[in-house]
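Just below is one structure, and these are the notes that go with it.
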């Protein structure tokens, strides 16, 4: 895959005191063989040793484990039912004890340039930065709805957020994606790392904890992965149901950073404007999806009133229950 042209930073920030040997990369996997060639090829170009990459595999039924071993990556296998978004990532850090910076990715995120990881970790030149996340670029086959979602959440402009940023952007101040994010180990330790039992959004929880503790979070637009995927209405419904469950159980997030409704309205307005200019025929589908998201989220917020059988039918993470 050819590198993508990305913004170039000021030369004053081009040299990082962090060495590449200080970095550990964690990738949870499950049946990742189909996209393995691109994933490994991009990792091999980053200038890090294969032993710095940890694959934590949920007992894949394909040959993910053998591919990881062949690549020279560290491999830890867990039972599929034992996977937890937060708990598994928290446990993974102990397998990379010498890593001062921990980079977390997902199996479907492909590094967009030969130095994506190095660019991301330059954020830690600032000793006040506890975490950083990179830009996500839509795949070539992405439809306009996918493309808009990526452009809305991942702009071409880098940013550094503090707790005071909540006054400007609300809950988005604590937005961070483990599809491509990095954490300073000492900062992680200070805020107790990832929550071990959350249904989704373990990354937003640790981001919020870091901000409250006085750390900064950097968004690095010049460090990117190619990461987007189409979602069926059912998959999207499940995702927003789980988000509602998350906000119901981690209500302190909304108390500290504000409710998600304002950001949701901004997204809908932006999406409709984008589709009107680029794909007007998709507007009815987008409106239907928006309705589904709203219903799913509100059901999730009220999950304590729902029978367990219904929650298991609606969720995208049945192992949580």
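Numbering (this note's numbering), first residue to last: 19 to 339. Positions of the beta carbon are idealized from the N, C-alpha and C atoms, including for glycine.
- Query: Taking the Cβ atom as the reference point for each residue, do residue 138 and residue 130 lie within a distance shorter than 9 Å?
  - Reply: Here residue 138 refers to the residue found at position 120 of the chain shown. Here residue 130 refers to the residue found at position 112 of the chain shown. Not in contact: residue 138 and residue 130 (Cβ atoms no closer than 9 Å).
- Query: Is residue 261 closer than 9 Å to residue 219 when the C-beta atoms are compared?
  - Reply: Translated into the one-based positions of the chain shown, residue 219 becomes position 201. Translated into the one-based positions of the chain shown, residue 261 becomes position 243. Yes, Cβ-Cβ distance for residue 219 and residue 261 is below 9 Å.
- From residue 285 to residue 77, what does the alpha carbon distance come to, in whole angstroms? The residue labelled residue 285 in the question sits at position 267 within the chain shown. The residue labelled residue 77 in the question sits at position 59 within the chain shown. So the two alpha carbons sit approximately 37 Å from each other.
- Task: Could you say if the region 198-208 and the region 106-126 meet the contact criterion of at least three C-beta pairs nearer than 8 Å?
- Result: yes
- Task: Would you be able to state if there are at least three C-beta pairs under 8 Å between the region 33-51 and the region 65-85?
- Result: yes
- Task: Enumerate in chain order the residues of its own chain whose CB-to-CB distance from residue 337 is below 7 Å, with the five nearest sequence positions on each side excluded.
- Result: Numbered from 1 along the chain shown, position 319 holds the residue referred to as residue 337. 99 and 101, listed in sequence order.
- Message: Considering only their Cβ atoms, is the gap separating residue 160 from residue 248 smaller than 9 Å?
- Response: For the purposes of this step, residue 248 is identified with residue 230 of the chain shown, where counting begins at 1. For the purposes of this step, residue 160 is identified with residue 142 of the chain shown, where counting begins at 1. Yes, Cβ-Cβ distance for residue 248 and residue 160 is below 9 Å.
- In terms of residues, what are the limits of the beta strand (DSSP E) holding residue 310? Walking along the chain shown from the start, residue 310 turns up at place 292. Careful: residue 310 lies outside any beta strand (DSSP E), inside the alpha helix (DSSP H) at 301-319.
- Query: Taking Cβ positions, are residue 258 and residue 318 nearer each other than 9 Å?
  - Reply: Within the chain shown, residue 258 is the residue found at index 240, counting from 1. Within the chain shown, residue 318 is the residue found at index 300, counting from 1. In contact: residue 258 and residue 318 (Cβ atoms closer than 9 Å).
- Message: Distance check for residue 315 and residue 374, CA to CA, integer angstroms please.
- Response: An answer regarding residue 374 cannot be provided, because it is not within the stretch 19 to 339 covered by the chain.
- Item | Under the three-state DSSP convention, the category residue 253 falls into | For the purposes of this step, residue 253 is taken as residue 235 along the chain shown, with counting starting at 1. Helix.
- Item | Burial state of residue 291 (16 or more Cβ within 10 Å) | Against the chain shown, residue 291 aligns to sequence position 273. Residue 291 is exposed by the Cβ-count criterion.
- If you follow the beta strand (DSSP E) that residue 154 is part of, which residue opens it and which one closes it? Translated into positions along the chain shown, residue 154 becomes position 136. 147-155 is the span of the beta strand (DSSP E), which, as asked, contains residue 154.
- Item | Uninterrupted beta strand (DSSP E) stretches inside the region 100-136 (no shorter than 3 residues) | 119-123
- What residues are listed by DSSP as bridge partners for residue 92? Counting from 1 along the chain shown, the entry for residue 92 is found at position 74. Paired residue(s): 72.
- Query: If you draw a straight line from the C-alpha of residue 349 to the C-alpha of residue 70, how long is it?
  - Reply: No answer is possible for residue 349: it lies beyond the span of the chain, which begins at 19 and ends at 339.
- Can you say whether residue 244 is buried or exposed, counting buried as having 16 or more other CB atoms within 10 angstroms of its CB? Here residue 244 refers to the residue found at position 226 of the chain shown. Looking at its Cβ environment, which holds 16 or more other Cβ atoms inside 10 Å, residue 244 is buried.
- the region 206-222 in contact with the region 262-273 per 3-pair CB rule at 8 Å: yes
- Query: Do residue 167 and residue 246 have their C-beta atoms within less than 9 Å of each other?
  - Reply: By one-based count along the chain shown, residue 167 stands at place 149. By one-based count along the chain shown, residue 246 stands at place 228. Cβ distance < 9 Å, so residue 167 and residue 246 count as in contact.
- Message: With the cut-off set at 9 Å, would you say residue 178 and residue 135 are in Cβ contact?
- Response: The residue given as residue 178 occupies position 160 in the chain shown. The residue given as residue 135 occupies position 117 in the chain shown. It is not a contact, given that the beta carbons lie outside the stated cut-off.
- From 320, 239 and 185, pick the residue whose C-alpha is nearest to that of residue 8; which is it? Lying before the first or after the last residue shown, residue 8 is absent from the chain, which here runs from 19 to 339.
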